[in-house]
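S.K.: Just so we're aligned, residue 1122 is where the sequence shown starts under the numbering used here, counting upward by one. Just passing along the structure, written as C-alpha cells.
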Amino acid sequence: MSLGRYVARRLLLIVPTLIGIMAINFAIVQVAPGGPVEQALAELSGEASAVPAPASSGAGGETGVAITAVDSAASAGYRGSSGIDPELIRELERQFGFDRPLHERFLTMLWNYARFDFGDSFFQDASVMEIVLSKLPVSMTLGFWTLLIVYGISIPLGIAKAVRDGTRFDLWTSFAIFVGYAVPGFLFAILFIVLFAGGSFLEIFPMRGLVSEGWSSLSPFERVVDYMWHIALPVGSIVLGGFATLTMLTKNSFIEEIGKQFVLTARSKGLSERRVLYGHVFRNAMLLVIAGFPQAFIGLFFTGSLLIEVIFSLDGLGYLGFNAALNRDYPVMFGTLWVFGLLGLLMGLLGDLMYVVVDPRIDFEARRT
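Structural data, given as C-alpha cells:
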C-alpha cells in the first residue's frame, strides 16, 4: 500500500483502539470502591441529621429529611450510606449520572468526547477543559526543558561512547549511566532537596513553585533568572532519571551500524572517520532514536513527572490526574485519558512517519502473500 493508504488505515484503526482503551478503563472504574457518590456520602455522613434531602424529581415532589431507617438506606449498596435518606442517595446518583444504565453512560461519554465535550468536574467548579488548560503550563515547562536537555546530552554522549567503545571514557560514563538508570528521578529530587533546598545542608534553590511571589514585578532578566532558579531542581531530577536509556539506545544503534559492510567499504575508499560517521552511519543509526521521539514527547510532557510535581508542589497535569483518581473525579479522569490516549496514538503514527523523514528509502508497501 502507498504511504497515503497506510496513514489512512492507521487513522481508522485509532477509532476502535481508543474506544477499547476507554472501555477497559470504564469497566475497571465501575468495580473500584469509593466512587463519587460514596465520596459525597462520606462528606455528608457526619452531618446527615441536619442535611435536608434535595427535592425529588418523582411524581410526588416531596422532600425528605436525611434521617431514615438504616436498612432502607443501606439497600442503595454504597459504603457509608447507613442512616442517609435513600432519596438523597438517588439525587446524588442523578447528579453524577449514575441513575442510567452502564452502556448508556458509556455511549453518551464517547459521543461527547468525540466532540471534545468533556463536561464539568464533579468536585471542582470548572469545566474539565478549563482545568486541563490551567495545569498545562507547568507540565509543558517540565517537559520542554527535560526533552531538550535529555536529547542534547544523550545523543552526543551515545555517539561518543560508540566511537570510544571499550575505552576509559566509555567505562566511566557507563558508571554514570548505570546510576541514572538504577535510581529513579524522584529519589534524585529528594536528594536535591536534602542537599540544596534547605533539607539538611544548603538552601540555594527554592523547594516549590515555578516562580517567586512578586514575579510579575521583576524585570525581564530577573524573571528569566527566577524561572530558571525554580525549575533547576525538578528538571535536573527528571533528566538524571531519564537520560540513561536514550544514551544506551544511541550507543548500541551506532555500534551496530559501524560494524556493517557499507561502513568498511566507505573507509576503504579513503573517507575520513567524521564523514563516515555523520555521512553514512548517522542516518541509519538515528532511525530508532528519532522514531521514538514522538512517544518520548508525550511521556515527558504529560505523564513522566507525577512524583516530581508532587515533591516540588508543582500543580501540573500529572498531579491533576493523580488527584482525580484519588477523588474519583471521573470527568477529569476520563477526559484526560481520552486526550492522552488520542495523542499517544497519533504520536505513534508520527513515529512511523519519522522513519520516512530520516530515510526516504523506507516505504510501506504491503507484503504480498
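Idealized CB from N, CA, C, for every residue including glycine.
May I have a chain-ordered list of the beta strand (DSSP E) segments no shorter than 3 residues that lie completely inside the stretch 1269–1348?
M.R.: Counting whole runs of 3 or more residues, the stretch 1269–1348 contains no beta strand (DSSP E) stretch at all.
S.K.: Which residues in the same chain have their Cβ closer than 6 Å to the Cβ of Leu1213, if we skip the five residues on either side of it in sequence?
M.R.: The residues are Val1158 and Ala1161.
S.K.: Does DSSP put Asp1241 in a helix, a strand or coil?
M.R.: Strand at Asp1241.
S.K.: Are the Cβ atoms of Leu1263 and Gly1413 separated by less than 9 Å?
M.R.: Taking 9 Å as the Cβ cut-off, Leu1263 and Gly1413 do not qualify as a contacting pair.
S.K.: Would you check if the distance between the CB atom of Thr1368 and the CB atom of Leu1292 is smaller than 9 Å?
M.R.: Contact: no.
S.K.: What residues in its chain sit with their C-beta under 6 Å from that of His1224, if we drop five residues either side in the sequence?
M.R.: There are no such residues.
S.K.: Give every residue of the same chain whose Cβ lies closer than 7 Å to the Cβ of Arg1226, excluding the five residues on either side of it in the sequence, and list them in chain order.
M.R.: Taken in chain order, the residues that qualify are Gly1218.
S.K.: Do Ile1270 and Thr1371 have their C-beta atoms within less than 9 Å of each other?
M.R.: No. Outside cutoff.
S.K.: Could you tell me which of Ala1303, Leu1466 and Leu1441 sits nearest to Phe1418, measuring between CA atoms?
M.R.: The option with the nearest alpha carbon to Phe1418 is Leu1466.
S.K.: Please list, in chain order, all residues of the same chain as Ser1295 whose beta carbon is under 8 Å from its beta carbon, the five residues on each side excluded.
M.R.: Only Lys1282 meet the Cβ criterion.
S.K.: May I have the straight-line CA-CA distance separating Gly1125 from Asp1238, to the nearest angstrom?
M.R.: Whole-angstrom Cα-Cα distance: 30 Å.
S.K.: Take Met1250 and list the residues in its own chain whose beta-carbon comes closer than 7 Å to its own, dropping the five residues that flank it on each side.
M.R.: Here the set comprises Phe1239.
S.K.: Classify Ser1248 as helix, strand or coil using the three-state DSSP reduction.
M.R.: Looking at Ser1248 - three-state DSSP - the assignment turns out to be strand.
S.K.: Please classify Arg1130: does DSSP put it in a helix, a strand, or coil?
M.R.: The answer is helix: DSSP assigns Arg1130 an H, G or I state.
S.K.: Give the straight-line distance between the Cα atoms of Leu1323 and Val1410, rounded to the nearest whole angstrom.
M.R.: Roughly 38 Å between the two C-alpha positions.
S.K.: With distance defined between alpha-carbon atoms, name the residue in Leu1316, Thr1386, Val1304 and Val1397 nearest to Phe1364.
M.R.: Selected option, being the one with the closest Cα: Val1304.
S.K.: Within a Cβ cutoff of 8 Å, which residues of the same chain sit near Gln1103, ignoring the five residues on either side of it in sequence?
M.R.: Residue 1103 is absent from the model: the chain starts at 1122 and stops at 1490.
S.K.: Helix, strand or coil for Lys1256, going by three-state DSSP, please let me know.
M.R.: If DSSP states are grouped into helix, strand and coil, Lys1256 belongs with the helices.
S.K.: Look up Lys1372 in the DSSP assignment and say whether it is helix, strand or coil.
M.R.: Here Lys1372 sits in helix by DSSP.
S.K.: Can you confirm whether the stretch 1370–1385 touches the stretch 1397–1405 when touching is taken to mean that 3 or more C-beta pairs between the two stretches lie within less than 8 Å?
M.R.: Touching, yes, given that three or more Cβ pairs across the two stretches are closer than 8 Å.
S.K.: Are the CB atoms of Asp1347 and Ser1333 nearer to each other than 9 Å?
M.R.: Cβ atoms of Asp1347 and Ser1333: closer than 9 Å.
S.K.: Based on Cα-Cα distance, which residue from Met1143, Thr1229, Leu1354 and Val1360 lies nearest to Leu1316?
M.R.: The candidate whose alpha carbon is nearest that of Leu1316 is Leu1354.
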